[in-house]
Amino acid sequence: MGLRDTTFVSLLLGEAEPKLASFTDQALANTVWALATLGHKDAAFMSALLEVAETKLPSFNAQALANMAWALATLGYYDAALMGALLTEAKPRLASFNPQDVANTVWALATLGCRDTTFIGALLREAKVRLSSFTAQQLTNTAWALATLGHKDTAFMVTLLVAARLELPSFTVAAVRQMGIALAKFNSEDAEFKHVLEARRTELVGGKEWALGQRRGTI
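Residue numbers for the sequence shown follow our numbering, beginning at 592 and rising by one.
Here it is, written out as structure tokens:
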């Protein structure tokens, strides 16, 4: 529903803060995710929650770790020690990351400007074999994030563009724009993909979606 009753949320957090130590790892991850989704920033509560969460990171599963990274980036909260601990726990769980976990995590790293090349390399090795199951948005978010980080992995991008070509009919205005930005930053030489991406853009130009994108400022 996305109901944003800031007064109620603040009251709820006030009641929850003294009880944070009793929160499970899933409850902590869900709480941060919910606050990010609501766009509700409470520095004191977040500080208390993350202090507890850091001690429980070893029990977080792959999805909880990815959601935590996404939430921190969405809220603009960057703590180098916390992110380091989170990535340390995430690395041995990368085989369990699903496409959304991958996209959320690499997007979070790009948004926070966290350039851990060792972790990113390990993440891409695990993700590469599953790119065919990524959605259009997950593919474009991943490409944009890698371009933003300046992390060039030619073999990975070749595989990503093969998967993206199959998903092109699902590309939205925002996805076309985002992928175009990524290709430009990487100086991609894949002329064939650029051609089909331009064809998709042209297709959208004549449709209602392109006009909607213009009104929203996404193109």
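The beta carbon of each residue, even a glycine, is placed where N, CA and C say it ideally should be.
All figures in this text were calculated on a predicted structure; none of them were measured in a lab.
- Message: Using only CA atoms, which one of Met659, Ala694, Leu678 and Lys682 lies nearest to Gln617?
- Response: Walking along the sequence shown from the start, residue 617 turns up at place 26. Selected option, being the one with the closest Cα: Met659.
- Helix, strand or coil for Gly605, going by three-state DSSP, please let me know. Mapped onto the sequence shown, residue 605 falls at position 14. Gly605 falls in the helix class under three-state DSSP.
- Message: For a test of the three-state rule: what should DSSP assign to Phe762, helix, strand or coil?
- Response: As a working mapping, residue 762 is identified with position 171 in the sequence shown. In the structure shown, Phe762 sits in coil (DSSP, three-state: anything other than H, G, I, E or B).
- Message: Considering only the alpha carbon of each residue, which of Lys776, Thr628 and Val787 lies closest to Val753?
- Response: By one-based count along the sequence shown, residue 753 stands at place 162. The candidate whose alpha carbon is nearest that of Val753 is Val787.
- From Glu789 to Leu685, what distance separates their C-alpha atoms? Taking the first residue of the sequence shown as position 1, residue 789 is located at position 198. Taking the first residue of the sequence shown as position 1, residue 685 is located at position 94. Taking the straight line from one Cα to the other gives about 34 Å.
- Neighbourhood of Tyr669 by C-beta distance below 6 Å, restricted to the same chain and skipping five residues each side: Position 78 of the sequence shown holds residue 669. Excluding sequence neighbours, Tyr669 sits near Leu703.
- Task: Let me know if Asn778 comes out buried or exposed under the rule of 16 or more other beta-carbons within 10 Å of its beta-carbon.
- Result: The residue labelled residue 778 in the question sits at position 187 within the sequence shown. Exposed, because fewer than 16 other Cβ atoms sit within 10 Å of the Cβ of Asn778.
- Message: Quick test of your reading: Glu680 and Phe651, contact by CB under 8 Å. State the CB separation rounded to the nearest angstrom.
- Response: Counted from its first residue, the sequence shown places residue 680 at position 89. Counted from its first residue, the sequence shown places residue 651 at position 60. The Cβ separation is near 6 Å, so the contact holds.
- Please determine, among Asp744, Glu606 and Thr726, the residue with the shortest C-alpha to C-alpha distance to Arg716. Translated into the one-based positions of the sequence shown, residue 716 becomes position 125. Looking only at Asp744, Glu606 and Thr726, the smallest Cα-Cα distance to Arg716 is reached by Asp744.
- Task: Please list, in chain order, all residues of the same chain as Leu755 whose beta carbon is under 6 Å from its beta carbon, the five residues on each side excluded.
- Result: In the sequence shown, counting from the first residue as 1, residue 755 sits at position 164. The question names Leu, but residue 755 is Ala in the sequence shown. Once the five neighbours on either side are set aside, the close Cβ partners of Ala755 are Leu730.
- Message: Which of the three DSSP states is assigned to Trp801 in this structure?
- Response: Counting from 1 along the sequence shown, the entry for residue 801 is found at position 210. At Trp801, the pLDDT of 49 sits below 50, so the modelled position is not reliable; the number obtained from the coordinates is stated separately. Judged by DSSP in its simplified three-state form, Trp801 adopts helix.
- Would Leu534 pass as a contact of Leu611 if the rule is Cβ separation under 7 Å? Absent from the model: residue 534. The displayed extent of the chain is 592 to 810, so no value can be given.
- Using a Cβ-Cβ cut-off of 6 Å (strictly less than) and excluding sequence neighbours within five positions of Ala664, which residues of its own chain qualify? In the sequence shown, residue 664 corresponds to position 73, counting from 1. Only Ala699, Thr702 and Leu703 meet the Cβ criterion.
- Query: The alpha helix (DSSP H) with His786 in it runs from where to where?
  - Reply: As a position in the sequence shown, residue 786 is number 195, starting the count at 1. Taken as a continuous stretch (DSSP letters only), the alpha helix (DSSP H) holding His786 covers Ala782 to Val796.
- Message: Just to confirm the assignment, what range does the alpha helix (DSSP H) spanning Leu648 have?
- Response: What you label residue 648 is simply residue 57 of the sequence shown in a count that begins at 1. Counting along the chain, Leu648 falls outside any alpha helix (DSSP H), and DSSP gives it neither H nor E.
- Item | Range covered by the alpha helix (DSSP H) that runs through Val623 | Mapped onto the sequence shown, residue 623 falls at position 32. Note, Val623: alpha helix (DSSP H), Asp616 to Leu629.
- Compute the Euclidean distance between the alpha carbons of Gly712 and Gly675, then round it to the nearest angstrom. Position 121 of the sequence shown holds residue 712. Position 84 of the sequence shown holds residue 675. Spanning the two alpha carbons is a distance of roughly 15 Å.
- Evaluate Phe599 with the Cβ neighbour count: other Cβ atoms within 10 Å of its Cβ, from every protein chain shown; 16 or more gives buried, anything less gives exposed. Locating residue 599 in the sequence shown gives position 8, counting from the first residue. The residue is exposed, with fewer than 16 neighbouring Cβ atoms inside 10 Å.
- Item | Rounded Cβ spacing between Lys719 and Phe747 (contact assumed at less than 8 Å) | Along the sequence shown, read from residue 1 onward, the residue named residue 719 stands at position 128. Along the sequence shown, read from residue 1 onward, the residue named residue 747 stands at position 156. Between Phe747 and Lys719 the Cβ distance is about 5 Å, and since that is below 8 Å, they are a contact.
- Could you name the residues of the same chain whose beta carbon sits closer than 6 Å to that of Thr628, not counting the 5 residues immediately before and after it, in chain order? Walking along the sequence shown from the start, residue 628 turns up at place 37. Within its own chain, no residue has a Cβ closer than 6 Å to the Cβ of Thr628 once the five positions on either side in sequence are excluded.
- Message: Suppose you measure from the CA of Cys705 to the CA of Leu740; what does that come to, to the nearest Å?
- Response: Along the sequence shown, one-based indexing puts residue 705 at 114. Along the sequence shown, one-based indexing puts residue 740 at 149. Cα to Cα, the separation comes out at about 8 Å.
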